[in-house]
Amino acid sequence: MQAGARRKPDAPSAKTSTAMAKVKRSFNNRTCEAPYLIFLGPPGSGKGTQAEKLHQSFRLVQLSTGNLFREHIKNETPLGLKVKSILAKGELVPDDLTVQMVVDRLDKPDTIMGVVFDGFPRTRDQALALHQRLDEKAKCITAAVSFRITDDEIVERLSARRTCPKDNSVFNLKSNPPRENDKCDLCGTTLLRRDDDMPEVIRHRLQVYRQQTEPLIEFYREQDMLIDIDATRSIQEIEAQLDEWMPMFIYNANS
Ligand SMILES: [Zn+2]
-9 MQAGARRKPD
1 APSAKTSTAM
11 AKVKRSFNNR
21 TCEAPYLIFL
31 GPPGSGKGTQ
41 AEKLHQSFRL
51 VQLSTGNLFR
61 EHIKNETPLG
71 LKVKSILAKG
81 ELVPDDLTVQ
91 MVVDRLDKPD
101 TIMGVVFDGF
111 PRTRDQALAL
121 HQRLDEKAKC
131 ITAAVSFRIT
141 DDEIVERLSA
151 RRTCPKDNSV
161 FNLKSNPPRE
171 NDKCDLCGTT
181 LLRRDDDMPE
191 VIRHRLQVYR
201 QQTEPLIEFY
211 REQDMLIDID
221 ATRSIQEIEA
231 QLDEWMPMFI
241 YNANS
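Once you know that position 21 of the sequence shown is 11 in my numbering, the rest is easy, because the numbers rise by one and skip nothing.
This is the structure in structure tokens:
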């Protein structure tokens, strides 16, 4: 199927179509078993929300290393016990252990429809290690999707977030306001702004992201694997755009 054939209201511009045609050609040279997509984007760019949507719509597994760590620790696997002791010392989990956990997860049968890597790899070293391990298993990354949004827009978005301290419901004063000012819709408790959502904390996290992870965008661009998406658009618009791109990834996977 031609990715640009269906003209939806938000069909890609001529410029995007050219970029997509180029990306598609390079995808076609790969022999990926199923779509393996890397979502790159700063915290608050909405990539987790979209990964969840691809899971619901296309049964892609949403693979986040945070969840993997928690799962292994809960199940007390050998890897989990190692990670637990490392985290207890306040140290960072080494890349080889993280990559091992990710690659092991890909052996589970539910990944047959594809995977969205959400927040991993974070560094160029992790990316290189991941690609090497995938090579050994004759698997590969289909594409990297870069969620583009400025720091100011993220700060504005996240600092409008309010959380219910009682049931953890999340609201956003701009995009998803509670019915009554500053009160939880479910239980009426006064909503709070979490420490994580304070502007100075967000700025620090963004700084770490720009330093560590942004070089990955160039890394994937150089390999002709990068697709940009405008992450300032609404959740529905971004979802529609990804839905439109999916045949391109799946076509390749089955060819
Ligand atoms: Zn509540």
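From the three backbone atoms N, C-alpha and C, an ideal C-beta is built for every residue, glycine too.
Residue i, enclosing beta strand (DSSP E) - first and last residue
i    : result
R49  : Per DSSP, R49 belongs to no beta strand (DSSP E) and is neither H nor E.
V135 : 133 to 138
L30  : 26 to 30
T153 : 151 to 153
Residues that DSSP places opposite residue i in a beta bridge
i    : result
N162 : R151, N166
I219 : F137
F110 : Looking at the DSSP assignment, F110 forms no beta bridge with any residue, so it has no partner.
L182 : T153
V105 : Y26, V51
Contact belief for residue i with residue j at Cβ below 8 Å, rounded distance in angstroms
i    : j    : result
L50  : V92  : In fact, because the Cβ distance is near 15 Å, the residues do not count as touching under 8 Å.
I139 : T203 : The Cβ separation is near 13 Å, so there is no contact.
S136 : L71  : Not quite, the Cβ-Cβ distance comes to about 35 Å (not below 8 Å), so this is no contact.
S47  : D233 : 7 Å
I192 : I144 : 7 Å
G36  : D108 : Between D108 and G36 the Cβ distance is about 11 Å, and since that is not below 8 Å, they are no contact.
I131 : Y26  : 5 Å
M215 : A134 : 5 Å
Start-to-end residues for the alpha helix (DSSP H) that takes in residue i
i    : result
I207 : 204 to 212
N57  : 55 to 64
D86  : 85 to 95
K74  : 68 to 78
Report task. Could you name the residues whose beta carbon sits closer than 6 Å to any heavy atom belonging to ligand 1, keeping them in chain order? Result -> C154, K156, D157, S159, C174, L176, C177, T179
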